[in-house]
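**Student:**
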Amino acid sequence: MLLIPFLLFFSSLLLIIQKLTTKQGNLPPGPPKLPILGNLHQLRPFPHRSTWQLSKKYGPVMLLQLGSMPTVVVSSSETAKEILKTHDFECCSRPPLTGPKRLSYNFHDIGFAPYGHYWREMRKLCVAELFSMKRVQSFQAVREEEVDLLIESISKSATLNNPVDLSKCSFSLTASIIFRIAFGKRFQGSELDIYKLQKLVFEAEIGVLLRMEKDQTENSAIHLTKDHIKAILMNIFLAGIDTSAITMIWAMTELARKPTAMKKAQNEIRSCVGKKGKLTENDVSQLKYLKMIIKETFRLHPPTVLLPREAASQLKIGDYDIYPRTRIAVNVWAIGRNPDIWDNPEEFIPERFIDSLIDFKGQHFELLPFGAGRRICPGMNMGTAVLELALANLLYFFDWKVPNGMDIDMEEEVSIAVGKKEALMLIPVNYNIRDDDEMRHC
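Shown next as structure tokens:
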């Protein structure tokens, strides 16, 4: 019986100590908080939606207390620009990962390392050696071969009029492509086993990073070890699968819910490719409406929505004081649905990007699926190339139907990424190129 009074006394004492030790200034507004928990209870199960709703009351710069950690959430393109551009240097560190370790070695990699010499050199290495445009283009054949295998597999289901699990297909495709790029061989197995992948990384004998490890000297900018290589390859593999696959699933989901947009995309693709029966990455550059579909999918369903940064020094966002060690999260999902930026923000309307200069490469803060600044996703070009080619082929070779009596569920599933909870099941219908009299070459 003494436990409850003790907990209440202890909680009150903690609040008093926190008030006495907290630096006062013009802090951002925020909702009332509970002892110990702070505002954690107000965020679940969908933090990106919960913080969006709270921001409508407390504004685009909002202070939450998540346990013992003060966290500022920004929810407008203007405040995102302040964080990701104006104050990029002061808040480009990442807080450490929490929770059980997924790997047996230190996951101190380009994604979550604090900003410093090591991080700068590793990012420079990855951008120059792994994700440069030249390197991305060099893997064109790999992407095209894996997409061809996917189309062949779906064609068999189409002949039997069977539904296809496009969620599983999307993850399998991106896993296979990244697996071949990272390890030089095709992924074998029906399920992704993190420990099998880890073992493969340990046993790998060729690759860019391994070559660089062998060629380094005492004067090299950093000393690259096997542990560095394992962490980077695993991070690339895990992060690369999620973002491309999740976006592909959401794009096909939205198109299945809006058949007029799907038909418009198919007409563009089929008109461009004509009767040659083969769609390559060289064709994709001409598909303007497809690129609008991808932008609109990124707007409504950004793959990562609340990945936090950490303030390394005191700074101001607007008129508010932000102190060191404060976590800062940009709610990319909320920015994509801001009615002050977008007309009919809840509607899937690819045409909104006609004659629009807004892009997703980190210069326009209305659309930030890959982030911006020093922490922009280095794999953006690779992920986009996979996404464009796969979607173009799915829409070129098949018409798609929703199974009779089935509604398309839009419920989300949240981890670091925000995916579709239920698998996307659609029936493919093989497209007969020869019977389409409207086909013409670009």
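If you use mature numbering (1 follows the signal peptide of the UniProt record, and there is no 0), the sequence shown corresponds to residues -22 to -1, 1 to 420, in order. All residues carry an ideal CB built from backbone N, CA and C; glycine is no exception. Computed from a predicted structure; not experimentally measured.
Select from 409, 385, 326 and 139 the residue whose C-alpha is nearest the C-alpha of residue 315.
**Tutor:** When each option's Cα is compared against that of residue 315, the closest is 326.
**Student:** DSSP three-state call for residue 155: helix, strand or coil?
**Tutor:** Residue state, collapsed to three classes: helix.
**Student:** With 16 as the cutoff for other CB atoms within 10 Å, does residue 334 come out buried or exposed?
**Tutor:** Answer is exposed; the Cβ neighbour count stays below 16.
**Student:** Identify which residue in 15, 49 and 350 has its Cα closest to the Cα of residue 302.
**Tutor:** It is 49.
**Student:** Could you spell out the range, first to last residue, of the alpha helix (DSSP H) harbouring residue 100?
**Tutor:** 95 to 103 is the span of the alpha helix (DSSP H), which, as asked, contains residue 100.
**Student:** Alpha carbon to alpha carbon, how far is residue 203 from residue 27? Give it in angstroms, no decimals.
**Tutor:** In a straight line, the C-alpha of residue 27 is about 41 Å away from that of residue 203.
**Student:** With H, G and I counted as helix, E and B as strand and the rest as coil, what does DSSP make of residue 25?
**Tutor:** Residue state, collapsed to three classes: helix.
**Student:** Quick one: Cα of residue 367 to Cα of residue 125, how far?
**Tutor:** Residue 367 and residue 125: Cα-Cα distance of roughly 8 Å.
**Student:** Can you give me the Cβ contacts of residue 111 inside the same chain, cut-off strictly under 7 Å, excluding the 5 residues immediately before and after it?
**Tutor:** So the list reads 359, once near-sequence residues are dropped.
**Student:** Please classify residue 382 as buried or exposed, where buried requires at least 16 neighbouring CB atoms within 10 angstroms.
**Tutor:** That one is exposed.
**Student:** Report yes if the C-beta distance between residue 47 and residue 6 is below 8 Å; otherwise report no.
**Tutor:** Result no, Cβ atoms of residue 47 and residue 6 do not sit closer than 8 Å.
**Student:** Can you pull the DSSP bridge partners for residue 295?
**Tutor:** Answer is 298, bridged to residue 295.
**Student:** Can you tell me whether DSSP reads residue 140 as helix, strand or coil?
**Tutor:** If DSSP states are grouped into helix, strand and coil, residue 140 belongs with coil.
**Student:** Within a Cβ cutoff of 8 Å, which residues of the same chain sit near residue 370, ignoring the five residues on either side of it in sequence?
**Tutor:** Taken in chain order, the residues that qualify are 247, 257, 261, 262, 265 and 268.
**Student:** Given this structure, state the Cα-to-Cα distance separating residue 348 from residue 134, to the nearest angstrom.
**Tutor:** About 35 Å.
**Student:** Quick check on the burial criterion: 16 or more other C-beta atoms within 10 angstroms. Buried or exposed for residue 241?
**Tutor:** Residue 241 is exposed by the Cβ-count criterion.
**Student:** Please state if the CB of residue 363 and the CB of residue 164 are separated by a distance shorter than 8 Å.
**Tutor:** For residue 164 and residue 363, no; Cβs fall outside 8 Å.
**Student:** For residue 410, I'd like the list of residues in its chain whose CB is within less than 7 Å of its CB, leaving aside the five on either flank, ordered along the chain.
**Tutor:** For residue 410, where only same-chain residues beyond five positions count, there are no Cβ hits under 7 Å.
**Student:** Between which two residues does the alpha helix (DSSP H) carrying residue 310 extend?
**Tutor:** Residue 310 -> alpha helix (DSSP H) spans 310 to 314.
**Student:** My understanding is that residue 226 touches residue 148, with C-beta atoms under 8 Å, so please give their C-beta distance in whole angstroms.
**Tutor:** Confirmed, Cβ separation roughly 4 Å.
**Student:** Is the beta carbon of residue 207 less than 8 Å from the beta carbon of residue 156?
**Tutor:** Contact: no.
**Student:** Tell me the DSSP secondary structure of residue 44 in three-state form.
**Tutor:** Three-state result, residue 44: strand.
**Student:** What residues are listed by DSSP as bridge partners for residue 320?
**Tutor:** DSSP output for residue 320 lists no bridge partner at all.
**Student:** For residue 229, which residues from the same chain have a beta carbon less than 7 Å from its beta carbon, with the 5 sequence-adjacent residues on both sides left out?
**Tutor:** Closer than 7 Å at Cβ, skipping near neighbours: 271, 272, 275 and 369.
**Student:** How long is the line joining the alpha carbons of residue 384 and residue 100, rounded to whole angstroms?
**Tutor:** Cα to Cα, the separation comes out at about 47 Å.
**Student:** Give every residue of the same chain whose Cβ lies closer than 8 Å to the Cβ of residue 231, excluding the five residues on either side of it in the sequence, and list them in chain order.
**Tutor:** Contacts found: 386, 388, 398 and 402.
**Student:** Flag this pair as yes or no: are the beta carbons of residue 407 and residue 136 separated by less than 8 Å?
**Tutor:** Going by C-beta atoms, residue 407 is nearer than 8 Å to residue 136.
**Student:** To which residues of the same chain is residue 80 closer than 6 Å at the C-beta, ignoring the five residues directly before and after it?
**Tutor:** Per-residue confidence for residue 80 stands at a pLDDT of 38, beneath the threshold of 50, marking its modelled position as unreliable; no derived number is given.
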